[in-house]
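Take a look at the structure below.
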Amino acid sequence: MRIVIDVDVVLVNMDDKTAYCSDGVTRSFLEMYDADAQPTDDPDLAIAAVVKVGDDQFILLNLTGEEPAKLH
0 MRIVIDVDVV
10 LVNMDDKTAY
20 CSDGVTRSFL
30 EMYDADAQPT
40 DDPDLAIAAV
50 VKVGDDQFIL
60 LNLTGEEPAK
70 LH
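Residue numbers (numbering that gives the first Met the number 0): 0 to 71.
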């Protein structure tokens, strides 16, 4: 079963660790990960972030500038 979410990330604020979404809601990053796939709190080391947009719906953000978001 595939679920489609009608929410996109419009703007990422690395200083605040938030993502402004197309539904007008600013959401905090749930987690950030470094290049070794380890959790990090340092935005300078983070290459990916997870944003929760629903009960069991998450967006994985690529923070390196390539292919910006994937739905999970």
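Virtual Cβ for every residue (Gly too), placed ideally from N, Cα, C.
Keep in mind that this is a model prediction, so the values were computed, not measured.
For residue j and residue i, the rounded distance between their alpha carbons
i	j	result
residue 71	residue 31	Unreliable placement is indicated for residue 71, whose pLDDT of 49 sits below 50; the coordinate value is still reported in the next sentence. Those two C-alpha atoms are separated by around 15 angstroms.
residue 24	residue 35	30 angstroms
residue 56	residue 18	15 angstroms
residue 64	residue 11	11 angstroms
Residues near residue i in its chain [Cβ-Cβ closer than 8 angstroms; skip 5 each side]
i	result
residue 38	30, 31, 32
residue 20	6, 7, 8, 9, 26, 50, 52
Continuous beta strand (DSSP E) stretch holding residue i: start and end
i	result
residue 48	47-53
residue 56	56-61
Environment of residue i [buried if 16+ CB atoms lie within 10 Å]
i	result
residue 44	exposed
Whether residue i touches residue j by CB criterion (8 angstroms)
i	j	result
residue 59	residue 46	no
Close beta carbons around residue i, own chain, < 6 angstroms, minus the five adjacent residues each side
i	result
residue 42	13
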